[in-house]
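For reference, each letter of the sequence shown is one residue, going -19 to -1, 1 to 86 in mature numbering (1 follows the signal peptide of the UniProt record, and there is no 0).
C-beta atoms are modelled at their ideal positions from N, C-alpha and C, and glycine is treated no differently.
Okay, so here's the structure we're looking at.
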Amino acid sequence: MKTRFALVLAFSVAASAQADDVADVWKAKCKSCHGDDGKAKTKVGEREKIDDMSLPEWQKNHSDEKIRQAIVEGVSGTKMKGYKDKLSTEEIDALVKYVRGLQAK
């Protein structure tokens, strides 16, 4: 029983650390343009006319692969540069899930 509890506790701590890590990556790399909530209600977001990623329509029209590609390669015709040389595969995967979590309820 103690072993099972220890495993559950370790998993919970690891999951919490991952959530904190991706939130830190979002704050460092994405927040200045996309905002805390992905709505792009920032000076840069409004000036550059960045899409609101929390909208169900936006979420529906952007596959995980399309989101991943934007993070890795950047977005042509915009100021968003790719992060392929700056973020690990794990960080990119976590950001894709983070973006999915921005959808407005």
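When DSSP states are grouped into helix, strand and coil, K67 belongs to the coil group.
Comparing alpha-carbon positions, the option among N42, V56, V80 lying closest to V6 turns out to be V80. Spanning the alpha carbons of T70 and R28 requires a straight line of approximately 30 Å.
Judged by DSSP in its simplified three-state form, K62 adopts strand. Within a 10 Å sphere around the beta-carbon of V3 sit 16 or more other beta-carbons, which makes this residue buried.
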